[in-house]
Amino acid sequence: MSFRKRAFDITFALILLVPLSVVMAVVAIALLLTQGRPLLYVAPRMRAPGEQFNLLKFRTMLREEGDFGATGAHKHWRITRVGRILRRTRIDELPQLFNILRGDMSFVGPRPPLKEYVERFPALYAQVLKNRPGVTGLATMIYHAHEDRIMARCKTAEATEAAYYRRCLPTKLRLDLIYQRRRNLRVDLWIIWHTLMTVLIPAWQGRGRRRVPSGKQGQPVTKAQAPDRVPAE
């Protein structure tokens, strides 16, 4: 990660922690009263091939031993009432500010993958994880809503894993590679802005064609040009 990007991450995270620490304290109290401990969901993720870290989120689901993989309709019964609000507003991801300060993550980048995904797609992730994983990213901003619709139709763990591997993961990897070729501070700010607006105004993402600012290479990419899929292996 470049010095400029790292400096931006640290500065922006510290600025956000001032007002958001109050929000996190309120959320922690609400979770303690309604769900009990633990308040945080600590998930092993990969920040680079061979480098693992603990991703922090507020816990939004009832605990179940041996839980892993993508969240489909078969897990929806475990999402708590408070958890649904936290997921919809993405407040559950606020603890990742500490991941950013520790250097495990950036504000913008590919979402941190499970170890099994990295092991299954080693060549692709060797490229994708040249960027530090992010709280949001091009793939998250463009594909998140569509991924949710796909996962919502999966009624079993097997169907969820199959849909994620065959439909969601390849497309997200392709978008992550597009981001890698065009990444700069201007693109990062654009992604942060549109992510924020999508959270505040759910219909925001569908309002016309969203043009990704071009970096030093190539032409801008629009939402309409996002690829549907890449080979699974």
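Heads up: the sequence shown begins at 110 in the numbering used here, then just goes up one per residue. Note that the Cβ used here is the ideal one computed from N, Cα and C, for glycine as well. Please read all numbers here as calculations on a predicted model, not as lab measurements.
Residue closest to residue i, alpha-carbon to alpha-carbon, out of the options
{"i": "Lys224", "options": "Gly218, Tyr234 and Phe216", "result": "Tyr234"}
{"i": "Ile251", "options": "Gln205, Leu309 and Ile300", "result": "Ile300"}
{"i": "Leu140", "options": "Ile188, Ala157 and Trp313", "result": "Ile188"}
{"i": "Leu309", "options": "Met133, Arg199, Phe112 and Leu149", "result": "Arg199"}
{"i": "Tyr274", "options": "Tyr288, Arg196, Glu256 and Thr307", "result": "Glu256"}
{"i": "Val227", "options": "Cys277, Pro322 and Glu160", "result": "Glu160"}
{"i": "Pro222", "options": "Thr143, Pro158, Trp302 and Ile287", "result": "Pro158"}
{"i": "Cys277", "options": "Met260, Arg290, Gln289 and Tyr288", "result": "Met260"}
{"i": "Pro311", "options": "Arg196, Lys281, Val151 and Glu173", "result": "Arg196"}
{"i": "Leu142", "options": "Arg190, Glu270 and Val151", "result": "Arg190"}
{"i": "Arg229", "options": "Pro219, Pro279 and His253", "result": "Pro279"}
{"i": "Pro219", "options": "Trp186, Arg290, Pro322 and Val132", "result": "Arg290"}
Assigned exposure category for residue i - 16 Cβ within 10 Å defines buried
{"i": "Gly145", "result": "exposed"}
{"i": "Thr265", "result": "exposed"}
{"i": "Gln334", "result": "Residue confidence is low: Gln334 scores 42 on pLDDT, short of 50, so the model does not pin down where it sits. Its coordinate-derived value is still stated next. With fewer than 16 other Cβ atoms within 10 Å, it is exposed."}
{"i": "Asp243", "result": "Residue 243 is actually Gly in this sequence, not Asp. It counts as buried."}
{"i": "Leu206", "result": "buried"}
{"i": "Ile119", "result": "exposed"}
{"i": "Phe112", "result": "exposed"}
{"i": "Glu342", "result": "Legend: pLDDT at Glu342 = 32, less than 50; position of this residue unreliable, value from coordinates given subsequently. Exposed, by the Cβ-count rule."}
{"i": "Pro153", "result": "exposed"}
{"i": "Pro231", "result": "exposed"}
{"i": "His303", "result": "buried"}
Beta-carbon proximity check, residue i vs residue j, cutoff 9 Å
{"i": "Asp297", "j": "Val237", "result": "no"}
{"i": "Val217", "j": "Gly246", "result": "yes"}
{"i": "Asp343", "j": "Thr169", "result": "Outside the displayed span of the chain (110 to 342) sits residue 343, for which this structure offers no information."}
{"i": "Met110", "j": "Asn240", "result": "yes"}
{"i": "Leu171", "j": "Pro204", "result": "no"}
{"i": "Phe162", "j": "Asn208", "result": "yes"}
{"i": "Arg344", "j": "Ala272", "result": "Residue coverage of the chain in this structure runs from 110 to 342, which leaves residue 344 outside it and unanswerable."}
{"i": "Arg115", "j": "Gly212", "result": "yes"}
{"i": "Leu210", "j": "Leu123", "result": "yes"}
{"i": "Leu126", "j": "Ala137", "result": "no"}
{"i": "Phe117", "j": "Leu294", "result": "yes"}
Interface flag, residue i vs chain C, CB-CB below 9 Å
{"i": "Leu149", "result": "Any reference to chain C falls outside this structure, which holds one protein chain only."}
* Scan the region 184-232 and note each continuous beta strand (DSSP E) run of 3 residues or more that stays entirely inside, going in chain order. => 215-217
* To do: Quick one: which unbroken beta strand (DSSP E) runs of 3-plus residues sit fully inside the region 135-172? Chain order, please.
  => 149-157 and 160-167
* What are the complete beta strand (DSSP E) segments, minimum 3 residues, inside the region 232-315? -> 243-245
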